[in-house]
Structures are given as C-alpha cells and as structure tokens.
Amino acid sequence: MPHDVPAVSGRGTAWRRAVTVTLALELLLVLLGCGVAWQVDAGGRTPPAAATDLLGSDFVDIDLVPSGPPAPATVPGAATGTYAWDCGRNENGHRNTANIVMAPGYPGQPHHVHDYVGNVSTAVGSTPQTLAAAGTTCHNGDRSTYFWPVLRTVGPAGSTDHAGHDGEIQVPVDVTLTFSGNPRGNVVPMPRQLAGTVGDAVAVTSGGQNAAATWTCSSTPERRTTAYPRCPAGDQVQRIFDFPSCWDGRQVDSESHRAHLRFPAPDGSCPRNTFPVPRLRLTLAYDIPPEVRFQIDAFDGQRNSPLTDHAFFVNLMPEPLMARVVYCLNSGQTCRDD
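Okay, so the sequence shown: first residue is 921 according to our numbering, each after it adds one.
Shown next as structure tokens:
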C-alpha cells in the first residue's frame, strides 16, 4: 500500500470523505469562476445555466463575451472618412415576405417577414424600373432598399407562448446606416442596382460558413457575439450587419448573390481582381428588457437561431449622391445627412 494513503479504518474513511467533500466544493467554485469566459458560438457551446435559465441556450450574457479585435491599421492616403444618413426606422410599417435579391418575383414563406427602410415600393413584383420611380424614407433622396428579418418578443424558454412565428414584432428604436472607406486605399462608386448580402438565412442547416451577422448591447459595442445577447437593464439590444465591400467591377449580382461582392481580408485589403467600394454598416437598436426573450423570423428547420440573421440592400442612390459619398470617404471627412 502506498505510504501516502491512510489505512482503511473508521477514522481514515471519515477523513477521506471530508477531503472529498472539500475538493468537490473547491472544484465547484473554480467552475463558477471560470464560467465568465464561456459564450455561445457557431460550434454549439452554451453559456452557463445562470445566464440562460429563462431565455434559453441561444442567449448569452453580454458580460461573458470578450472584446473583438482592433480595427485594422490604415495606410497613408487610405479612405478614412465616414458617411451616415437617416432613412427612418420603418415607422410606416413596410413589411412583407418578399426577397428581391434571393428570389425576385416570388412570395416568401409567411413566417419569414422582412422590415424595410429606404425604398417604399419594395415588394414581390418590384422591378428596377418600379424601384427607381418610387419614393423613399431616406431624407437625402436615397432610393435604395434595405431589409432584414423582423425581431419578435416570445415566451420563456420551453413555453408554447409565441413559440413559433406569431410573437409581437419589435420596431427598432433606431436604425443607423453608415458607409466607411477602406484602410488600404481609396474606394470607387457603387454601381446602381448593386445587390449586397450579409449573413445566411439557412446557417443552421448549411454549416454556418456564411453566417456573418453579429449582436451586441449599446453600452458594450466592442463585444460581439453570434448569440442573442442578454443586455444590462437600460441597454438596447443591437444587431450589426457589416456588408461585403470588394466589388468585381463587372456584375451587380451573381448566381450565388455573393461572388460579385466579397468581404475584405482582416487588414482591409480586397481579393485579387476586386475593388473597394463604400462599406455599409447597418445597425438596428431595440428596447428589450433583460428578462424578455426574443428571436428573429426564420425558415422552418432553422430554430429561429441567431446564427441565421441576415440583411440585404440594392443600391439605388442617385449618381450625384454616390459621388458625394465617395468624395467624403476618400477625403477623410465625417459626413452626415439628417
């Protein structure tokens, strides 16, 4: 018998039980302390139960999410400007199931509703001609269309209260559209009718390789997650869509709806034979209390997963307006049209 193991006796057995209980308690404390580094991600990991008891495994406490990487460094002469403009927040209730980028001319599934800002005519039967002649909610005359799945509040995790697609639609309290330049050089104008896609509506069943939308809270914009965030009281829930911005110079759309407009590398450089165009960031903010569960509209089989969040745009800016945007970005100015 090893010399460091007490002899089996009444006293020795009691001693070992006491040690076992002590070690178990210490291990529990360590696990609780280490939980702050655990977050939901595309690999299917879930946050600690304390953060998801009522909301479910698709949620993560924003305090458990690490900060993202810093912005790439800019080279001399790069397009460092920004241009922001106001298109409202869909106060007029423009919603439908159409998707004029992925499936033009076809009505979508009734449980997959889109919110719109910009062009007021976007619908199943839209054509380039009807869109170009329509009005807009954008104060600067931008007739582009911007759309994304609606967000709904639903019942607690495991309940049947609004478990499907009939939860109350949440109107964003703020929608921010911002163009930025490119840290490696100047940008060129977007052509009219250029279509942009970010995220993947079937990310759960397709493997998630095109999942790109991120979530955060208004007080912690540097913390990004692919899960639904549980935000502190008083914070706004935010959805952030960073669109691809490297154009092939030829097509305004492609069969995949992605090949013609690609994402830059982490340092901002564009793939070979592509050119940087203004990069669109679309930020949606919602007033949702920490204890309220929410989810996006999604196709059947996608579990209303946050990984499936996505958005689209079709550029219909008048050419003089696009020229003003490009000049603002390339000259390093901070511009805004209210």
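Where is the CB? At the ideal position from N, CA and C, for every residue including glycine.
Local conformation of residue i per DSSP, three classes
{"i": "Gln1253", "result": "coil"}
{"i": "Tyr1066", "result": "strand"}
{"i": "Asp983", "result": "helix"}
{"i": "Ala971", "result": "Caution applies to Ala971, whose pLDDT of 48 falls short of 50 and renders its modelled position unreliable; the value that the coordinates give is listed next. If DSSP states are grouped into helix, strand and coil, Ala971 belongs with the helices."}
{"i": "Trp935", "result": "Note on Trp935: pLDDT 37, under 50, position unreliable in the model; no value is reported."}
{"i": "Ala1243", "result": "helix"}
{"i": "Pro1048", "result": "helix"}
{"i": "Pro1226", "result": "helix"}
{"i": "Phe1161", "result": "strand"}
{"i": "Ala999", "result": "strand"}
{"i": "Ala1004", "result": "strand"}
{"i": "Ala1054", "result": "coil"}
{"i": "His1034", "result": "strand"}
{"i": "Cys1151", "result": "coil"}
{"i": "Cys1190", "result": "coil"}
{"i": "Asp1258", "result": "coil"}
Own chain partners of residue i with C-beta closer than 7 Å, once the 5 adjacent residues on each side are dropped
{"i": "Thr994", "result": "Thr1000 and Pro1103"}
{"i": "Asp1094", "result": "Arg1009 and Ala1205"}
{"i": "Gly1188", "result": "Pro992, Asn1102, Pro1103 and Arg1104"}
{"i": "Ser1064", "result": "Gly1038, Asn1039, Phe1233, Val1234, Asn1235, Leu1236 and Met1237"}
{"i": "His1032", "result": "Thr1017, Pro1069, Asp1217, Ala1218 and Phe1219"}
{"i": "Pro1030", "result": "Thr1017"}
Cβ-Cβ distance between residue i and residue j below 8 Å
{"i": "Asn1019", "j": "Gly1008", "result": "no"}
{"i": "Ala1131", "j": "Gly1116", "result": "no"}
{"i": "Gln1113", "j": "Val1234", "result": "yes"}
{"i": "Ala1123", "j": "Ser1225", "result": "yes"}
{"i": "Leu1241", "j": "Asn1012", "result": "no"}
{"i": "Leu974", "j": "Leu1097", "result": "no"}
{"i": "Val1172", "j": "Pro1111", "result": "yes"}
{"i": "Pro1045", "j": "Thr1125", "result": "In the sequence on display, residue 1045 carries Gly and not Pro. Cβ atoms of Gly1045 and Thr1125: not closer than 8 Å."}
First and last residue of the uninterrupted alpha helix (DSSP H) at residue i
{"i": "Val1108", "result": "Here Val1108 belongs to no alpha helix (DSSP H), and DSSP marks it neither H nor E."}
{"i": "Thr1140", "result": "Taken as a continuous stretch (DSSP letters only), Thr1140 belongs to no alpha helix (DSSP H), as it is neither H nor E."}
Cut-off 6 Å between Cβ atoms - residues of its own chain near residue i, not counting five sequence neighbours on either side
{"i": "Ile1089", "result": "Val1070 and Arg1072"}
{"i": "Cys1255", "result": "Tyr1003 and Cys1248"}
{"i": "Phe1067", "result": "His1034, Tyr1036 and Phe1232"}
{"i": "Pro1109", "result": "Met1242 and Val1246"}
{"i": "Thr1140", "result": "Ile982"}
{"i": "Ser1174", "result": "His1180"}
{"i": "Gly1087", "result": "Arg1072, Thr1073 and Val1074"}
Rounded separation between residue i and residue j - CA only
{"i": "Asp1168", "j": "Met1022", "result": "19 Å"}
{"i": "Arg1199", "j": "Ser1165", "result": "5 Å"}
{"i": "Asp983", "j": "Pro1152", "result": "9 Å"}
{"i": "Ala1043", "j": "Asn1016", "result": "7 Å"}
{"i": "Phe1195", "j": "Glu1239", "result": "18 Å"}
{"i": "Ala970", "j": "Arg1150", "result": "Per-residue confidence for Ala970 stands at a pLDDT of 42, beneath the threshold of 50, marking its modelled position as unreliable; the derived number appears in the next sentence. Whole-angstrom Cα-Cα distance: 11 Å."}
{"i": "Trp1005", "j": "Thr1056", "result": "13 Å"}
{"i": "Val1107", "j": "Leu1181", "result": "14 Å"}
{"i": "Phe979", "j": "Ile1208", "result": "14 Å"}
{"i": "Ala998", "j": "Arg1223", "result": "42 Å"}
{"i": "Ser1138", "j": "Gly1127", "result": "29 Å"}
{"i": "His1177", "j": "Gln1129", "result": "15 Å"}
{"i": "Phe1163", "j": "Phe1183", "result": "7 Å"}
{"i": "Asn1250", "j": "Gly976", "result": "45 Å"}
{"i": "Ala1185", "j": "Asp1257", "result": "29 Å"}
{"i": "Ala1054", "j": "Cys1190", "result": "34 Å"}
{"i": "Asp1062", "j": "Tyr1026", "result": "25 Å"}
{"i": "Phe1099", "j": "Arg1244", "result": "12 Å"}
{"i": "Pro1210", "j": "Asp1155", "result": "9 Å"}
{"i": "Phe1214", "j": "Pro1048", "result": "35 Å"}
{"i": "Gly1252", "j": "Pro989", "result": "23 Å"}
{"i": "Pro996", "j": "Val1212", "result": "47 Å"}
{"i": "Cys1058", "j": "Ala1052", "result": "14 Å"}
{"i": "Ala1133", "j": "Ala1121", "result": "10 Å"}
Element boundaries [beta strand (DSSP E), containing residue i]
{"i": "Thr1125", "result": "Run containing Thr1125: none in the beta strand (DSSP E); it sits in the alpha helix (DSSP H), Ala1123 to Ser1126."}
{"i": "Asn1102", "result": "Asp1094 to Asn1102"}
{"i": "Pro1209", "result": "Where Pro1209 is concerned, there is no enclosing beta strand (DSSP E), given that its DSSP letter is neither H nor E."}
{"i": "Gln1259", "result": "It is not possible to answer for residue 1259, since the shown part of the chain is limited to 921 through 1258."}
{"i": "Thr1042", "result": "No beta strand (DSSP E) contains Thr1042, which DSSP labels as neither H nor E."}
{"i": "Thr1017", "result": "Taken as a continuous stretch (DSSP letters only), Thr1017 belongs to no beta strand (DSSP E), as it is neither H nor E."}
{"i": "Val1071", "result": "Just to set this straight, residue 1071 is Leu in the shown sequence, not Val. Residues Leu1071 to Val1074."}
{"i": "Gly1119", "result": "Ala1115 to Gly1119"}
{"i": "Gln1129", "result": "Segment: none, Gln1129 is in no beta strand (DSSP E) and carries neither H nor E."}
{"i": "Phe1183", "result": "Unbroken run through Phe1183: none, as it is neither H nor E."}
Beta-carbon proximity list for residue i, same chain, < 8 Å, skipping 5 on both sides
{"i": "Trp1135", "result": "Arg1144, Thr1145, Thr1146, Ala1147, Tyr1148, Pro1149, Val1157, Gln1158, Arg1159, Ile1160, Pro1226 and Asp1229"}
{"i": "Asn1193", "result": "Asp1168 and Gly1169"}
{"i": "Thr1050", "result": "Ser1041"}
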